[in-house]
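Under this note's numbering, the first residue of the sequence shown is numbered 14, with each subsequent residue one higher.
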Amino acid sequence: MKRWIMEYICCPECRGSLRLDEVSGDENEVLEGTLTCTKCERTYPIAEGIADLLPDNQR
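Printed below as a string of structure tokens:
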């Protein structure tokens with residue numbers, strides 16, 4: 014996931030801000046990690062550079 018995308022995405026459930034918890038990546042891209050909503054606390058995985066923002070029941 015490109016880092017610059019963080020300023021454009023939000024939680025698909027409640028529209029809250031997302032916090033990035035990075036496990037691996039470089040200065041331009043996050044390869045592994047988690048996005049966590051600061052409002053509803055839902056988490057969304059980032060695997061192989063792809064953020065999975067689908068609702069829990071569709072993953």
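Virtual Cβ for every residue (Gly too), placed ideally from N, Cα, C.
In this text the structure is predicted, and so the values were computed from the model without any measurement.
| Asked | Found |
| --- | --- |
| G38 to L48 span [Cα, whole Å] | 14 Å |
| Distance, N70 Cα to L44 Cα | 24 Å |
| Rounded C-alpha distance that separates E26 from V36 | 24 Å |
| Distance, M19 Cα to A64 Cα | 11 Å |
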